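Read the structure below first, then the notes.
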Amino acid sequence: MSHLTQIPLETYLLAQQATPIACLVCDHENCVSAARCRNCSAPMALAHQTRSVKKRPHLIAVLGASGSGKTVYLGLLMDMLTRHVGLLRSTARGPLSISLQQTTTTALATGWFPEKTPPTPEHWHWVHCQFNCRRRRRPLELVIPDISGEALATETERSNRYPAIRSLLAKCAAVMILADAERLQSSDHSHDFLTLKLLSLIGERRDERTRGRRIPERRPLAIVFTKADKVDGLMENPREFAESHAGALWSDCRERFPRHEAFASSVTGATAYRDSYGRRQHVPLRIEPHGIIEPFSWLMTELDEQWANPGLAARLTGR
Ligand SMILES: Nc1nc2c(ncn2[C@@H]2O[C@H](COP(=O)(O)OP(=O)(O)OP(=O)(O)O)[C@@H](O)[C@H]2O)c(=O)[nH]1
Ligand SMILES: [Mg+2]
Ligand SMILES: [Zn+2]
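So in this note's numbering, the last one in the sequence shown is 527, and the numbering has no gaps at all.
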């Protein structure tokens, strides 16, 4: 009787593991089983999903100082889009893409604002979704990260501390700036400097990609004044507010991005302060979203027009 057994050597599995896959955000090559990029910590699920749908998504940069309202705005926007508000709808790709709306709506529903986004890239939410509008023939693939304002500030001081931010600024197809309207109305312009620095970094990255060729900037930029519930009359005329309360920022946006528009948004109808474990916390009393969909819808229409002609888009963005 023979004691020999046959074990098939499944070497093809080893070969598969050895095939690298490029990170969608920074292009760094990673092992196929990696959960996060070794260079920028973006989830590798983005690259795997892109590979399976065979369509490269557009990166949307949502920028603003810490406390400007990025997480609250984006979380609610994604929640409204997945519920198919009006003509617009989005479908999340992968479970990770649902975490942002889950965190935000859970916090708001229990009477709190979500926590400040930590500066560590492993804690940022990345939303990969397919965006559709009933008027549009083809859906758009989008990737929208919710980046910490503190990390954005560090990147402007120490270049390449966060490779994900650097790549996002270089590759983004559309820009959304969030600015705290309540601060601006009280003449507090301390947040403007960070936004101006980020806009200048986008310009620098673009010059690197176009190698100095004079190509007109065609990417759309939406500036959104958040916390409009605290500023009378802002909802009706955000452009007038931009000119009178954010002059330097607004003129920089107009100069750098010929396709620009100003918007106002608010998530709450009323807010209050509550003591919790000895800490005074700002809490929402009523959730009454206003102006959440409009800036995003405008950006998508602009993006759609630009990408309807891929040859032109490639020339314009220097890709
Ligand atoms: N009144 C009012 N306050 C808001 C609104 N949205 C956000 N806030 C307040 O702004 C704070 C900051 O909002 P976040 O969305 O966490 O800000 P962020 O830009 O993500 O900040 P970082 O995570 O630090 O980058 C919240 O904790 C609320 O106190 C709004 O629509 N109205
Ligand atoms: Mg945040
Ligand atoms: Zn990466």
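Positions of the beta carbon are idealized from the N, C-alpha and C atoms, including for glycine. Since we're looking at a predicted model, the values are computed, not measured.
Mind checking which residues open and close the alpha helix (DSSP H) that includes residue i?
i: E280; result: Reading off the sequence shown, one finds Val at residue 280, where the question assumed Glu. 278 to 290 is the extent of the alpha helix (DSSP H) around V280.
i: A269; result: Premise fails: A269 lies in the beta strand (DSSP E), 266 to 271, not in any alpha helix (DSSP H).
i: G357; result: 357 to 365
i: Q257; result: 253 to 261
i: K379; result: 371 to 379
From what residue to what residue does the beta strand (DSSP E) around residue i run?
i: C341; result: 333 to 341
i: H399; result: First-last for H399: undefined, no H or E at that position.
i: T434; result: 429 to 434
i: L472; result: Checking the displayed sequence, the identity of residue 472 turns out to be Ala instead of Leu. Where A472 is concerned, the enclosing beta strand (DSSP E) stretches over 468 to 472.
i: P492; result: 487 to 498
According to DSSP, simplified to helix, strand and coil, what is residue i?
i: E444; result: coil
i: Q514; result: helix
i: R297; result: strand
i: P347; result: coil
i: M508; result: helix
i: T312; result: helix
i: D388; result: strand
i: P326; result: coil
i: G319; result: coil
i: A478; result: strand
i: S459; result: helix
i: I410; result: helix
i: E531; result: In the structure as shown, the chain starts at 209 and stops at 527, and residue 531 therefore has no counterpart that could be examined.
i: A230; result: strand
i: I352; result: strand
i: R422; result: coil
i: L212; result: coil
i: S307; result: helix
i: A382; result: strand
i: S484; result: strand
i: T525; result: Residue confidence is low: T525 scores 42 on pLDDT, short of 50, so the model does not pin down where it sits. No coordinate-derived value is stated.
For residue i, which of the options has the nearest alpha-carbon?
i: E365; options: I355, K405, T328; result: K405
i: M288; options: N445, V475, C234, A361; result: V475
i: H266; options: T258, E448, G319; result: T258
i: P329; options: R246, A300, G283; result: R246
i: S241; options: P228, A250, T362; result: P228
i: H453; options: D415, P428, A387, I495; result: A387
i: H498; options: T479, S473, W506, R413; result: S473
i: F504; options: V432, Q514, L442, R462; result: V432
i: L348; options: R297, D354, A359, W334; result: R297
i: D354; options: L316, S305, D460, G411; result: S305
i: S508; options: R346, L254, G411; result: In the sequence under discussion, the amino acid at residue 508 is Met, which differs from the Ser named in the question. That would be R346, whose Cα lies nearest to the Cα of M508.
i: R369; options: A430, S398, P327, N340; result: P327
i: V491; options: T299, R464, W320, Y281; result: W320
Is it buried or exposed for residue i, if we count other Cβ within 10 angstroms and need 16 for buried?
i: K324; result: exposed
i: Y481; result: exposed
i: H292; result: exposed
i: T318; result: exposed
i: I215; result: exposed
i: K435; result: buried
i: C337; result: buried
i: L212; result: exposed
i: D440; result: exposed
i: S375; result: buried
i: L392; result: buried
i: S394; result: exposed
Contact set, ligand 4 heavy atom to C-beta under 6 angstroms: By its list of ligands, the structure shown excludes ligand 4, since it contains just ligand 1, ligand 2 and ligand 3.
At least 3 beta-carbon pairs within less than 8 angstroms: the stretch 375 to 384 vs the stretch 260 to 279: yes
Contact the stretch 419 to 438 vs the stretch 294 to 310: 3+ CB pairs below 8 angstroms: no
Meets three-Cβ-pair contact criterion under 8 angstroms: the stretch 481 to 491 and the stretch 436 to 446: No contact exists between the stretch 481 to 491 and the stretch 436 to 446.
Stretch-stretch touch, CB-based, cutoff 8 angstroms, three pairs: the stretch 400 to 416 with the stretch 354 to 365: yes
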